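**Q** Here it is: the structure, laid out below.
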């Protein structure tokens, strides 16, 4: 599988739209495009994780399940398909929460990952984000990631 974005290249700074409104951004995920999904995949999931958040366990910005399988496609938090379900992220909201690292931290990494799953669906209602991610990882056939960076110069 491959995951790319027309909004930024792997390892580049995130565009302003992907930053929290609290820092002047829009709380929108980048547009993500994928290819080469395994034929045996039954659904897709999309996550965004900041491993550099000072929590001891990182910070999950987005957990989306039930994305229809297609060999190629594109998605953003603003263009989710009707079948998609959002699990609660670590901010306690659904969908995507933009980058907002502490002002005194070095740049954080934001890892967007598309997961090809052996399940038809994961219904996140009533589940914690950790339990949804457990179901994603337990049923993952393949994955692809792209990483953006952001530093709060606050």
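Numbering (my numbering), first residue to last: 91 to 244.
Glycine included, C-beta positions come from ideal geometry on N, C-alpha and C.
If you're wondering where the values come from, they're calculated on a predicted model, not measured in any experiment.
State the DSSP-derived secondary structure class of residue 227, mapped to helix, strand or coil.
**A** Along the chain shown, one-based indexing puts residue 227 at 137. Residue state, collapsed to three classes: helix.
**Q** Residue 103 and residue 167 - do their beta-carbons sit closer together than 8 Å?
**A** As a working mapping, residue 167 is identified with position 77 in the chain shown. As a working mapping, residue 103 is identified with position 13 in the chain shown. Result no, Cβ atoms of residue 167 and residue 103 do not sit closer than 8 Å.
**Q** Between which residues of its own chain and residue 186 is the CB-CB distance below 7 Å, once the five residues before and five after are set aside?
**A** For this step, residue 186 is matched to residue 96 along the chain shown. The answer, listed in chain order, is 117, 118, 119, 138, 151, 152, 167.
**Q** For residue 199 versus residue 126, is the C-beta spacing smaller than 8 Å?
**A** Taking the first residue of the chain shown as 1, we reach residue 199 at position 109. Taking the first residue of the chain shown as 1, we reach residue 126 at position 36. It is not a contact, given that the beta carbons lie outside the stated cut-off.
**Q** Determine the contact status of residue 169 and residue 211, defining contact as a CB-CB distance below 8 Å.
**A** Counting from 1 along the chain shown, the entry for residue 169 is found at position 79. Counting from 1 along the chain shown, the entry for residue 211 is found at position 121. Against a cut-off of 8 Å, the Cβ pair of residue 211 and residue 169 comes out as no contact.
**Q** Output needed for residue 98: all residues of its chain with C-beta closer than 7 Å, excluding positions within five of it in sequence on either side, in chain order.
**A** If you number the chain shown from 1, residue 98 lands on position 8. The answer, listed in chain order, is 104, 105, 120, 238.
**Q** Pick out whichever of 217, 164, 173, 161 has its Cα sitting closest to the Cα of residue 183.
**A** For this step, residue 183 is matched to residue 93 along the chain shown. Taking only the C-alpha atoms, the option nearest residue 183 is 217.
**Q** Spatial neighbours of residue 197 within its chain, please: CB distance less than 7 Å, with the 5 preceding and 5 following residues excluded, ordered by chain position.
**A** Counting from 1 along the chain shown, the entry for residue 197 is found at position 107. Excluding residues within five positions, the ones whose Cβ falls inside 7 Å are 239, 240, 241.
**Q** How would you call residue 180, buried or exposed, if buried means at least 16 neighbouring beta carbons within 10 angstroms?
**A** Start at 1 with the first residue of the chain shown, and residue 180 comes out as number 90. Under this definition residue 180 is a buried residue.
**Q** For residue 163, which three-state DSSP category applies?
**A** Along the chain shown, one-based indexing puts residue 163 at 73. Strand at residue 163.
**Q** What span of residues does the beta strand (DSSP E) with residue 91 cover, start to end?
**A** Along the chain shown, one-based indexing puts residue 91 at 1. Counting along the chain, residue 91 falls outside any beta strand (DSSP E), and DSSP gives it neither H nor E.
**Q** Assuming contact is defined by CB atoms lying nearer than 8 Å, are residue 236 and residue 95 in contact in what I supplied?
**A** Within the chain shown, the letter at position 146 stands for residue 236. Within the chain shown, the letter at position 5 stands for residue 95. In this structure, residue 95 lies closer than 8 Å to residue 236 by Cβ.
**Q** Buried or exposed: which applies to residue 128, given that a residue is buried once 16 or more other Cβ atoms fall within 10 Å of its Cβ?
**A** Counting from 1 along the chain shown, the entry for residue 128 is found at position 38. Residue 128 comes out exposed.
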